[in-house]
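One structure is given here, and the rest of the page talks about it.
In mature numbering (1 follows the signal peptide of the UniProt record, and there is no 0), the protein residues as written are -20 to -1, 1 to 145.
Pasting the structure below:
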């Protein structure tokens, strides 16, 4: 009887050690960011290619314990007009060549992406935007106020999230 209790204790201890090793997996095991993990802010970007303008989307840690990853291009983008209704006729597509590289969001380490538009096209007043974070977490839908600048044209392109330098 003592022998089986000792074997049971050893197996339990070994199982605990194995599970502890899985739970504290290497540095690549950063969980995906959910909507409550990040704060999103949008501002006009001074950087852009000729004939285009851009908006900077900044993803910062929502808490001082945030440690999660984003990878890829935001999706399911919906723009809202000043009246709060969906702004008609504006679509968003990924920029050609966008690469999904994981970016870890922590306090002091933000991620950024860009919304790029053509200049000189029809201005569309916008008050807010919603989109899904590029993440595999459960709830990824976020809403951010839009700067007081209209969106130009009917199609904006989105870049993948990269680490802010």
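Don't be surprised by glycine CBs; every beta carbon is placed ideally from N, CA and C. Quantities reported herein were computed from a predicted structural model and do not represent experimental measurements.
DSSP links residue 19 through a beta bridge to 40.
In the DSSP assignment, residue 48 forms a beta bridge with 85. Beta-bridge pairing by DSSP links residue 32 to 98. Contact between the region 116 to 128 and the region 12 to 27 is present, with at least three C-beta pairs closer than 8 Å. Taking C-alpha positions only, residue 77 is separated from residue 52 by approximately 11 Å. If you ignore the 5 residues before and after residue 108, its C-beta comes within less than 7 Å of the C-beta of 60, 123, 124, 125, 126, all in its own chain and listed in chain order. Buried is the label assigned to residue 115, since at least 16 other Cβ atoms lie within 10 Å of its Cβ. Per the DSSP secondary-structure output, residue 12 pairs in a beta bridge with 49. Taken through DSSP and simplified to helix, strand or coil, residue 122 comes out as strand. With a cutoff of 8 Å on beta-carbon distance, residue 58 and residue 142 are scored as not near each other. At a Cβ-Cβ threshold of 8 Å, residue 18 and residue 95 do not count as neighbours. In this structure, the CA atom of residue 132 is about 18 Å from the CA atom of residue 64. Per DSSP, residue 106 lies in no beta strand (DSSP E) segment and is marked neither H nor E. Per DSSP, residue 55 is one residue of the beta strand (DSSP E) stretching across 55 to 60. Note on geometry: alpha-carbon atoms of residue 10 and residue 86 lie some 11 Å from one another.
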